[in-house]
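As structure tokens, the structure follows; a few thoughts come after it.
2 protein chains.
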Amino acid sequence: MSASDTDLANAIRALAMDAVEAANSGHPGMPMGMADVATVLFTRYLKFDPADPAWPDRDRFVLSAGHGSMLIYALLNLTGYARPTMDDIRRFRKLGSPCAGHPENFELAGVEATTGPLGQGFAMAVGMAVAERHLNAVFDDSLVDHNTWVISGDGCLMEGINHEAVGLAGHLGLGRLNVLWDDNKITIDGATSLSTSEDIPARYRASGWHVVSCDGHDTADIARAMDEALADPRPSLIQCHTIIGKGAPNKQGTSATHGAALGAAEVAAAREALGWPSAPFEIPADIRDTWLAAGARGASVRRDWQERLANHSDRVEFERRMAGDLPAGNVVAKAFAGWTSTPQNVASRKSSELALDVLTPLVPEMLGGSADLTGSNNTKAKGQQPLTRADYAGRYVYYGIREFGMSAAMNGMALHGGVIPYGGTFLVFSDYARPAIRLSALQHARVIYVMTHDSIGLGEDGPTHQPIEHLMSLRMIPNLDVYRPCDAVETAECWALALEKKTGPGLLALSRQNLQQLRTGGEMLSAKGGYRLREANAARRVVLIATGSEVHIAISVADRLEEHGIGADVVSMPCTSRFDAQSEDYRADVLPDGALRVSIEAGVTWGWERYTGDAGLRFGIDGFGASAPIEPLYEHFGLTADAITPQIIAALD
Amino acid sequence: MSASDTDLANAIRALAMDAVEAANSGHPGMPMGMADVATVLFTRYLKFDPADPAWPDRDRFVLSAGHGSMLIYALLNLTGYARPTMDDIRRFRKLGSPCAGHPENFELAGVEATTGPLGQGFAMAVGMAVAERHLNAVFDDSLVDHNTWVISGDGCLMEGINHEAVGLAGHLGLGRLNVLWDDNKITIDGATSLSTSEDIPARYRASGWHVVSCDGHDTADIARAMDEALADPRPSLIQCHTIIGKGAPNKQGTSATHGAALGAAEVAAAREALGWPSAPFEIPADIRDTWLAAGARGASVRRDWQERLANHSDRVEFERRMAGDLPAGNVVAKAFAGWTSTPQNVASRKSSELALDVLTPLVPEMLGGSADLTGSNNTKAKGQQPLTRADYAGRYVYYGIREFGMSAAMNGMALHGGVIPYGGTFLVFSDYARPAIRLSALQHARVIYVMTHDSIGLGEDGPTHQPIEHLMSLRMIPNLDVYRPCDAVETAECWALALEKKTGPGLLALSRQNLQQLRTGGEMLSAKGGYRLREANAARRVVLIATGSEVHIAISVADRLEEHGIGADVVSMPCTSRFDAQSEDYRADVLPDGALRVSIEAGVTWGWERYTGDAGLRFGIDGFGASAPIEPLYEHFGLTADAITPQIIAALD
């Protein structure tokens, strides 16, 4: 006997309130409020197979309202995923349980994205939907043909990034994106009317979305709305009128259910109200079986798909791309072997463009873009066509003035798989994208950030546009590799390194100003993160450590020191995180204790103590920049060989 | 003879194209395109007096599209402000000129906000409009009765923060806010149609705005639209249909005019087309006179206002608040004198609330709020009433889930003057607000950020919600004081310090978990940034340096070390920037060379080298957090006296 929709939904409600109760921490309101909607989605609409969570053509489901994590944990368990087990759920929010406070893609298959920071799940889903349409165009319907589903709360819709995500999705006509809005009229502070008067459907329509509404507790009405959403060619917002904490008789409909355990008395009352006599974490057999049957819906669909794939002429390429492997034969290294031997005395943003000209034809999964700074970020390679609603096969996205939305969308693309997204803005605006950059790092997403105009070297635009603290504060994000190459060879190397790292993001900080080429290829030195670019001639007393454009200043300083008979190494440090990962011997060899170690970087000096030691000197900028042409600026801030050399000599005395 | 509107506007155009030409850098397109609109605004509508740029009841004008900086420089010069002089303008974008690449409020009176980072000027204007209505309600129409005007481009409207700003303004019914949208259909990458399909007026209407459009080159039509905007009780978006670079005959209407000098040939052609025979930087006398007359419009209005003020019963209080002075008599110190001697063993977020309960009645200019985390941030003091469209006298803003919008609005409030804004979110979401925090620091705005849940100590919410790199990377923003108090006394002290600093923002990082009170008042020690909280008992061999909740771990470690006969100081370091500003002697006394210096902070260890030196030890967390209750978390990350003490003893051997 098949259990009713209500039974199925109540299983979610029970697990949510019981797990939160056991943890004495968590968010029961959303899972209880959206249990009916989720039941309809997972039992009738969502294309998935718990036996193969990585099935490339599965629908993607993103719980943008990540605090309602028990919703997805319950769904994964009930539909038959290997994890979370009921023991995992019992240990919700305990050390070592994959059922973390917020859903983490690296903990559980079936969790497509790490969510919780509001607004970003929705925006990542937009990126997933872009990747789907792009791969559909590159391959065909037989391999790529799936929907992206999102559950969002009011928080996700109120965040600024929502505007960017909605605008991008509407502009690109992502009709396979369907957002289930948990319209419960409650936020943490109370009624939504405390803080907003927006007509949300009207806003979505203004950006080219289709909007349909339903009673979020009437499964037939929910299904009708989903059918309408699927039938409409536009992205759809499905307004689900719900009651937060539905089933908790004394607290439902209030913010009291949002972010705290209901308490034993209310849980007991909810059991009564829901007619749910089972003990905590126990699911009656008929309900368990019905859920498992729903989870098994996708098995035959997946088998058919796998048969199509097996016989498909593009099978090998498709599998390579979905596995995230670069094209065979060390294509990246080969690509650079030739051109880097011709000196390119250009800005590193330009040598990045040259690298892209070489790479993008060889690595077809690279999908580029810029937040309206294409000509400044040099992100568009030769021959790259725009990705538009008329041509999803294009490989360049005009993201518009949407740094955060772009970055979150790139996270979604990387998580979807099959593409390697990169996108540009000015380094100073990494601040706008920072929450998404952090999520790239946390959720192991291979996203490549191309951040140009990386110092006061951008000149006249002035302090609002000049990064100061950005390089160092980005380096502090765990699992983010920040690259600041000093010439065309290092730029090519850094691109290769970023592409080759499957388990996290890379960020390239690139100059606006021209830089002489210092190397002629050869060994891949940037892989070490820092290395001796030039060895002292006289007996070594000084080691100059610099990055990017300041390596050129370091070389001038070294020249002057050598003129004084003072030997000075120049160490280029394009990537501190890679340097930190080298052996102690290697690091001690490059940065020896005996020498005066001196850092030069046009940013905050704080942090460089790690490499110069107490006795070292640190040249940089510890206040805001200024508006002027580049040369007077570097003079003004004392970042010239003239200014630095005597200070080093004085320190040696 | 009075010059025509066209002549007046062409003076702006000429100055813009000539200054950009001289600098060979800058953005002529926007000033040329919006010259007619700006002329109407400044000659007929804007209430201002160049002789008294700080006149409290002036209209506020924010150039949100800050790249068009030559527009405001031209306007300030033409209407008779003391600066910029024509020489300043000739030196546009040169070192030392107040005419920086983007407008900077600290360079020029008449520049109300530092703009350029897109979207923020608009959002700051929302804050200014809130401050205006609030002060109007606190005082009356005779003292506070002005409008806020904004010029915004498509970039400002496309940024995510615009959604937050529009939502807040619509919700609060800020009818005195009028936004002139430079609708030129061009962005840097080309036509707006490359990246957006949005019906912008419909979106604004959906959030409770009034929208009116006009021909941005027809001054009568512009005036009609402004009249309608002023008459409507809602905030108004005035859609100005314009041609970017209007007047440059071969380039106008294209992105080529946006961000580069037009070139000598095109400038000559523009002179021809505009009928503008004057040499660069020369303004014909009749045009100069007409502009000056327009600038003089406000003088009598201001004199009348000053007369009203002179006779107003609230004159002294009004002047105090607008000057940014705290109430007389060291009210802050007095306020804390009493209660801090009663131990408050509560979370620092809670002691912050206790401080607010004391402070907000004494400092009526404090205007609080939270981005939908009121109960978690503990930002609402006893008796604070909500600021709503029905009661602008309220002193608590329910900002909604709008961290960035809140922060930018607070910048606007602080820049407006008369209020001291503070607002809360979780520390991890400082990333969402980071671009506005940076602008607080850059533009010297006294904004107080209340950021709770400041470490893994928040527990179960897990890595998405646990700050790791945040404390250190915030400390790297110049002119931002980051405070992390260790108990109720330090929390009170940090509040006092943040309030007393008129020239920049403060950020309080506060715990979710309870903290024992360690001090009993007395001297204001936090002012030093770092100080010896507890002196070694045995001969000092170790100095433990910690912040916030980790000070309590340091004390336990010190206890254990003393049990081993090892003397250990405990240094509390609530504010590194203040510590760095102390004398070398003081710093050397607190952090002596002879001892093993050990830092303990539940965040990245990078950066602490500055205080521990090479030989020191640094305990912290250099990867992402985890989801679990607080105790197992601290154990997991090795941040316990049990884990730390033996490592220190080993290092001493």
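Residue numbers (the numbering used here), protein chains in the order written: chain A, 1 to 653; chain B, 1001 to 1653. For each residue, glycine too, the CB sits at the ideal point set by N, CA and C. Model, not experiment: these values are computed from the prediction.
Under the DSSP assignment, H1453(B) falls outside any beta strand (DSSP E); it carries neither an H nor an E label. Q239(A) sits in a strand when the DSSP states are folded into three classes. Going by beta carbons, L525(A) and L474(A) fall outside the 8 Å limit. In the DSSP assignment, T1491(B) falls within the unbroken alpha helix (DSSP H) covering A1488 to E1500. For the pair T547(A) and P574(A), the CB atoms are nearer than the 8 Å cut-off. Fully contained in the region 567-625 of chain A are the following beta strand (DSSP E) runs of length 3 or more, in chain order: 567-572, 596-600 and 617-619. About 49 Å separates the beta carbons of Y392(A) and H636(A), which is beyond the 8 Å limit, so they are not a contact pair. W1276(B) carries a coil assignment under DSSP once its states are collapsed to helix, strand and coil.
When the Cα atoms are used, G1080(B) and S1002(B) turn out to be separated by approximately 16 Å. In the three-state scheme derived from DSSP, where H, G and I count as helix and E and B as strand, C156(A) is classed as helix. Taking the beta carbon of L373(A) as reference, the chain B residues within 8 Å of it are I1188 and D1189, listed in sequence order.
S97(A) sits in coil when the DSSP states are folded into three classes, being neither helix nor strand.
For V604(A), the closest Cβ of chain B is nearer than 8 Å. Excluding sequence positions up to five before and after L1458(B), its CB lies within less than 7 Å of the CB of H1465, Q1466 and R1512, all in the same chain and listed in chain order.
For F1426(B), there is no enclosing alpha helix (DSSP H); the residue is found in the beta strand (DSSP E) stretching over I1420 to F1426. Residue contact with chain A for E1164(B): present (Cβ-Cβ distance below 8 Å to some residue of chain A). Within the region 381-410 of chain A, contact with chain B at the beta-carbon level (separation under 7 Å) is assigned to Y398, Y399, G400, I401, R402, F404 and G405. Judged by their CB atoms, A1509(B) and L1471(B) are nearer to each other than the 8 Å cut-off.
Under the criterion of beta carbons closer than 8 Å, C1156(B) and N1162(B) qualify as touching, at roughly 6 Å. Within a 10 Å sphere around the beta-carbon of M1322(B) sit 16 or more other beta-carbons, which makes this residue buried. With respect to chain B, the C-beta atom of P343(A) has no partner C-beta closer than 8 Å. Note: P1386(B) is bridge-paired with Y1396(B) in the DSSP secondary-structure output. The beta carbon of R1093(B) sits closer than 8 Å to some beta carbon of chain A. As a beta-bridge residue in DSSP terms, M366(A) pairs with I420(A).
Residue G1167(B) holds the alpha-carbon nearest to the alpha-carbon of H1210(B) among I1644(B), T1192(B), G1167(B) and Q1252(B). Judged by their CB atoms, Y398(A) and S1195(B) are nearer to each other than the 8 Å cut-off.
Residue pairing by DSSP puts V179(A) in a beta bridge opposite V150(A) and L237(A). Contact between H241(A) and I186(A) is ruled out by a C-beta separation of about 12 Å, above the 8 Å threshold. Beta-bridge partners of I1186(B) (DSSP): A1191(B). Restricting attention to alpha helix (DSSP H) runs no shorter than 4 residues, the region 1047-1084 of chain B encloses them at 1069-1079, ordered along the chain. Annotated three-state conformation of I89(A) is helix, per DSSP. When only Cα atoms are considered, A1231(B) and M1086(B) end up about 37 Å apart. For F579(A), there are no neighbours in chain B by C-beta distance under 7 Å, as the nearest C-beta there is about 13 Å away. Of the candidates S352(A), R618(A) and A538(A), S352(A) places its Cα closest to the Cα of K382(A). Apart from sequence neighbours up to five positions away, the residues of its chain that approach F336(A) with a beta-carbon distance below 6 Å are A492, ordered along the chain.
Pairing G1116(B) with A1123(B), the inter-Cα distance amounts to about 12 Å.
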